[in-house]
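Here's the structure, in structure tokens; my notes come after.
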Amino acid sequence: PAVGTRLMDARAVTKRFGGLVANDSVDLHVDAGEVHALIGPNGAGKSTFFNMISGVDDPTEGSIALLSQPMAGKPSREFARLGLSRTFQHVRILGQRSVLENVALGAHLRAHRGWLASMLRLDRAEEAALLAEARRQIERCGLGPFADVPAGSLALGQQRIVEIARALAGQPALLLLDEPAAGLRHLEKQALAQLLAQLRSEGLGILIVEHDMEFVMNLADRITVLEFGAVIAEGPPAEIQSNQRVLDAYLGG
Ligand code: ADP
Ligand code: MG
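Mapped onto UniProt numbering, the consecutive letters of the sequence shown carry residue numbers 368 to 620.
This is how it looks when you write it as structure tokens:
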């Protein structure tokens with residue numbers, strides 16, 4: 368999609384767990400070519416929101432659209448088909464398998480349902496196409512020299528990038544990253560930020576949940592702040608950093 372295309376549009380999204388309001392009428396959109404950060408204290412409702420916009424869970428009220436398609440009741444596979452790819456808070460790689468195999472798995476997940484069954488039935492041409500796509504994404508992410516080493520032997524920062532390459536192998540328009548900088552060293556964070564800025568310049572839309580404020584403030588184009596499930600502020604980093612309500616709720620707390 369062209370830069371500026373509305374990739375994801377969540378309107379008045381509410382999620383209740385019994386009497387608990389985990390998301391309270393949340394509005395949030397992500398366009399192609401921007402990095403949007405979702406921040407807020409623990410328990411604010413960030414993961415709940417991620418789960419709904421990736422089709423893992425359904426909103427109690429409100430609507431979610433991907434590329435203008437209403438997604439109510441659709442399975443997460445359909446979200447992926449429309450161009451959404453995500454990583455998880457904790458690294459999920461097969462440590463004994465090569466970087467190439469780990470990334471190829473992402474391409475395969477995108478192309479098929481029930482990969483475990485169909486992996487065994489791949490014909491040679493399909494397998495070759497999958498591996499070629501995986502190699503392309505590995506190069507794109509600067510992991511070329513590591514393609515054939517066991518993914519588990521890499522440093523955490525590189526494993527995170529393997530996960531991003533795997534998500535990219537699904538050829539998404541919108542990438543959801545759950546705390547990509549957590550636990551990384553300074554130089555690893557810089558490398559990650561550089562990669563995400565590159566992907567943004569290539570037209571991807573990126574939504575990150577991240578606790579590292581320096582990382583978020585340096586990278587994000589816009590920030591949405593949640594507190595007790597509700598949006599208390601939305602805007603560019605400079606605005607958010609000087610918003611008194613945000614300082615009280617989160618940054619100062
Ligand atoms: P965050 O990711 O911002 O830390 P969460 O979205 O995980 O916050 O949680 C928001 C609130 O919803 C918390 O109070 C949490 O305990 C509650 N919650 C999350 N998932 C469930 C669930 N499946 N059942 C009941 N309560 C939940
Ligand atoms: Mg969470």
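All C-beta atoms, glycine included, are put in the ideal place defined by N, C-alpha and C.
Find the nearest neighbour of residue i within the set the options, judged by alpha-carbon distance.
| i | options | result |
| --- | --- | --- |
| L420 | K556, D376, L563, N610 | Residue identity check: residue 420 is Ile in the sequence provided, not Leu. Looking at the Cα atoms, D376 is the closest of the given residues. |
| F595 | G407, Q436, R533 | G407 |
| G412 | P426, V402, E401, A399 | P426 |
| E500 | A532, V583, G570 | A532 |
| A564 | T454, I607, R507 | R507 |
| F543 | N469, N610, L566, L510 | Going by the sequence as given, residue 543 is Leu instead of Phe. Nearest option by C-alpha distance: L566. |
| H553 | L541, D579, P442 | D579 |
| T372 | A389, G400, V388, L387 | G400 |
| V388 | A404, L374, G410 | G410 |
| A522 | R448, P442, A558, I607 | A558 |
| E555 | G570, Q525, L541 | Q525 |
| A600 | E494, P442, A404 | A404 |
Taking the beta carbon of residue i as the centre, do at least 16 other beta carbons fall within 10 Å, making it buried, or is it exposed?
| i | result |
| --- | --- |
| L614 | exposed |
| R527 | buried |
| F384 | exposed |
| Q436 | exposed |
| Q456 | exposed |
| residue 621 | The shown model of the chain, from 368 to 620, leaves out residue 621, and the question about it has no answer. |
| A379 | exposed |
| residue 621 | Here the chain comprises residues numbered 368 to 620, so residue 621 is not present and cannot be evaluated. |
| R502 | buried |
| S568 | exposed |
Less than 8 Å between the beta carbons of residue i and residue j, yes or no?
| i | j | result |
| --- | --- | --- |
| E445 | G429 | no |
| P604 | A587 | yes |
| D394 | T381 | no |
| E546 | E581 | no |
| L451 | P539 | yes |
| A534 | G572 | no |
| A536 | Q561 | no |
| P368 | L434 | yes |
| P512 | R464 | no |
| L574 | V397 | yes |
| T591 | V583 | no |
Mapping DSSP to helix, strand and coil, what is residue i?
| i | result |
| --- | --- |
| E468 | helix |
| S568 | helix |
| S414 | helix |
| G385 | coil |
| M375 | strand |
| D398 | strand |
| D579 | coil |
| A536 | coil |
I'd like to know if residue i contacts chain C, where contact means its C-beta is closer than 8 Å to some C-beta of that chain.
| i | result |
| --- | --- |
| E468 | Of the protein chains in the structure, only one exists, and it is not chain C. |
Residues near the ligand MG, criterion Cβ-heavy atom distance below 6 Å: K413, S414
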